[in-house]
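Visitor: The structure is given below, and queries will be raised subsequently.
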Amino acid sequence: MRVDVSIAYLDDHLIVADKPSGLLSVPGRAAENQDCVVLRLQALYPDALTVHRLDMVTSGLLLHARGKAMQIALSGLFERRQVHKRYIALVEGEMADEAGEIDLPLRCDWDNRPRQMVDFELGKRAHTRWQLLGHEAGNSRVLLEPVTGRSHQLRLHLASIGHPIVGDEMYGATPAVRVCLHASELGFAHPCSGQPLMIHSPAPF
Numbered sequence: 078m079r080v081d082v083s084i085a086y087l088d089d090h091l092i093v094a095d096k097p098s099g100l101l102s103v104p105g106r107a108a109e110n111q112d113c114v115v116l117r118l119q120a121l122y123p124d125a126l127t128v129h130r131l132d133m134v135t136s137g138l139l140l141h142a143r144g145k146a147m148q149i150a151l152s153g154l155f156e157r158r159q160v161h162k163r164y165i166a167l168v169e170g171e172m173a174d175e176a177g178e179i180d181l182p183l184r185c186d187w188d189n190r191p192r193q194m195v196d197f198e199l200g201k202r203a204h205t206r207w208q209l210l211g212h213e214a215g216n217s218r219v220l221l222e223p224v225t226g227r228s229h230q231l232r233l234h235l236a237s238i239g240h241p242i243v244g245d246e247m248y249g250a251t252p253a254v255r256v257c258l259h260a261s262e263l264g265f266a267h268p269c270s271g272q273p274l275m276i277h278s279p280a281p282f
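The C-terminal position of the sequence shown is numbered 282 in this note's numbering, with every residue numbered one higher than the one before it.
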């Protein structure tokens, strides 16, 4: 069943989509994996271009530029780490601490792609801050702030400390209806006006 992509923010320069879980951010290589957020947006806004991506299993806020010049400007914000990103996750088990940081280097597990792995010799630095929001039926709801933006960073970091995200079978979680990871906040200075933008999306789990 087709799930429409809702728009969290729109102006003449950029679009923030609210991606559902289970939909690709960009087209995949296979013919059956062409349906994705950016192509759905381009059906309505032909100048929409991808700025960053979310895993297919992750829902939430996804930034797109309108035109190549804006894509370069917004990509530069990400490269300079001038974009505020926060996620909500439901993880297995009751976390004992109120907050913490995870600093484990990651790289692709080439024999098991797209899995990533912790590698202290060849991995690239990956840094995540987390804050406990509460316990729910033996699980923990956490607020996550990725300092770096490695592939599968939040998923693998949480699994590495013994609290895989609910539903994330790739990293050792029990099967569930969905992977409970949601991009809930996106903030940055608008490249044209310089005014701060802070966009919110409540977690659907």
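Even for Gly, the Cβ is constructed at its ideal location relative to N, Cα and C.
I'd like to confirm the pairing. Which residues does DSSP put opposite residue 164 in its beta bridges?
Guide: Answer is 221 and 260, bridged to residue 164.
Visitor: With C-beta atoms as the reference, is residue 261 less than 8 Å away from residue 158?
Guide: Taking 8 Å as the Cβ cut-off, residue 261 and residue 158 do not qualify as a contacting pair.
Visitor: For residue 177 and residue 95, what's the separation of their Cα atoms in angstroms?
Guide: Distance between the alpha carbons of residue 177 and residue 95 is about 28 Å.
Visitor: Please name the residue or residues paired with residue 193 in a DSSP beta bridge.
Guide: According to DSSP, which records beta bridges pairwise, residue 193 is partnered with 185.
Visitor: Give me, in chain order, the residues of the same chain whose beta-carbon lies closer than 8 Å to that of residue 170; leave out the 5 immediate sequence neighbours on both sides.
Guide: Same-chain partners within the cutoff: 215, 216, 217, 239 and 240.
Visitor: Report buried or exposed for residue 205, applying the criterion of at least 16 other Cβ atoms within 10 angstroms of its Cβ.
Guide: Per the 10 Å Cβ criterion, buried.
Visitor: Tell me, please, whether the segment 140-158 touches the segment 89-105 by the rule of three or more beta-carbon pairs shorter than 8 Å.
Guide: Yes, the segment 140-158 is in contact with the segment 89-105.
Visitor: Indicate whether residue 280 and residue 231 have their beta-carbon atoms separated by less than 8 Å.
Guide: Their beta carbons are not under 8 Å apart, which means residue 280 does not touch residue 231 by this criterion.
Visitor: Between the alpha carbons of residue 102 and residue 152, how many angstroms are there, rounded?
Guide: Looking at the two C-alpha atoms, the distance is approximately 16 Å.
Visitor: Nearest to residue 131 by alpha carbon, out of 227, 254 and 85?
Guide: Ranking 227, 254 and 85 by Cα distance to residue 131 puts 227 first.
Visitor: What's the C-alpha gap between residue 276 and residue 219?
Guide: Cα-Cα distance, rounded: 19 Å.
Visitor: Can you list, in chain order, the residues of its chain with a C-beta nearer than 6 Å to that of residue 264? Leave out the 5 residues immediately preceding and following it.
Guide: Closer than 6 Å at Cβ, skipping near neighbours: 161 and 275.
Visitor: DSSP puts residue 206 in a beta bridge; with which residues?
Guide: 178 and 222.
Visitor: I'd like the list of long-range same chain contacts for residue 255, defined as Cβ closer than 6 Å, with 5 residues on each side in sequence excluded.
Guide: Hits under 6 Å: 98 and 244.
Visitor: Considering only residues of the same chain and omitting the five flanking positions on each side of residue 362, which have a CB-CB separation below 6 Å?
Guide: In the structure as shown, the chain starts at 78 and stops at 282, and residue 362 therefore has no counterpart that could be examined.
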